[in-house]
Amino acid sequence: MNDDDAPRDAPLSPDELGDRVSEVFDLIGALYRRGLRKVEQGEQVEGVSVGVRSVLVLLRRYGSMTVPQMGRIMALTRQFVQRMVNDAVAEGWVEAIPNPAHQRSSLIRITKAGETMIDTILEREHALNRQVGGDLTEAELRSCVRVLKEMLKTFDHVDVE
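Numbering-wise (the numbering used here), the sequence shown opens with residue -1 and increments by one.
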């Protein structure tokens, strides 16, 4: 049986999987660099850095949390996240509030101004994402997300500090 005869939905051998995952990483790298440049162009319009944008999205999606919690979720150092939070505080987009669970680590909460800002950014990005072609289906996107999650699990042990 040659490659053309193999069932399309059969799991790949480790060698084949390694090669195909490498292709995905190459595409992710190119997509990340181009997407980052596009977000940075938006920074010139909205005045929000990529890091602050990430903090605002996280708080908008999951609610108030501590800087260490955000760092773990985003796989970024606590120091970097703290700088992004400080930038967002300076703009009035987030605020520190008392944490009933832990006095030494304040909760960071998005403000109304922060919600308005991230909504504006996400609306602009949504308009851009609507231009993606290829007649993609829900099943294809679900498969893509599944693949990316499996790839991400490979690096769960990587320490960001």
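Backbone N, C-alpha and C define an ideal beta-carbon position, used for all residues, glycine too.
{"Query": "Alpha-carbon to alpha-carbon, residue 89 and residue 44", "Result": "12 angstroms"}
{"Query": "For residue 76, the three-state DSSP class (helix, strand or coil)", "Result": "helix"}
{"Query": "Where residue 26 falls, given that 16 or more other Cβ within 10 Å makes a residue buried", "Result": "exposed"}
{"Query": "Residue environment, residue 20, which counts as buried when at least 16 other CB atoms sit within 10 Å", "Result": "exposed"}
{"Query": "Run of the beta strand (DSSP E) containing residue 94, from where it starts to where it stops", "Result": "92 to 95"}
{"Query": "Residue 87 versus residue 18: straight-line alpha-carbon distance, rounded", "Result": "43 angstroms"}
{"Query": "Residue 37 beta carbon less than 8 angstroms from that of residue 50", "Result": "no"}
{"Query": "Of the listed residues 55, 100 and 101, nearest to residue 79 (C-alpha basis)", "Result": "55"}
{"Query": "In DSSP terms, what residue 108 is bridged to", "Result": "92"}
{"Query": "Where residue 116 falls, given that 16 or more other Cβ within 10 Å makes a residue buried", "Result": "buried"}
{"Query": "Span of the alpha helix (DSSP H), counted from its first residue to its last, around residue 141", "Result": "136 to 151"}
{"Query": "Secondary structure of residue 10, DSSP reduced to three states", "Result": "coil"}
{"Query": "Contact under 8 angstroms by Cβ, residue 118 with residue 93", "Result": "no"}
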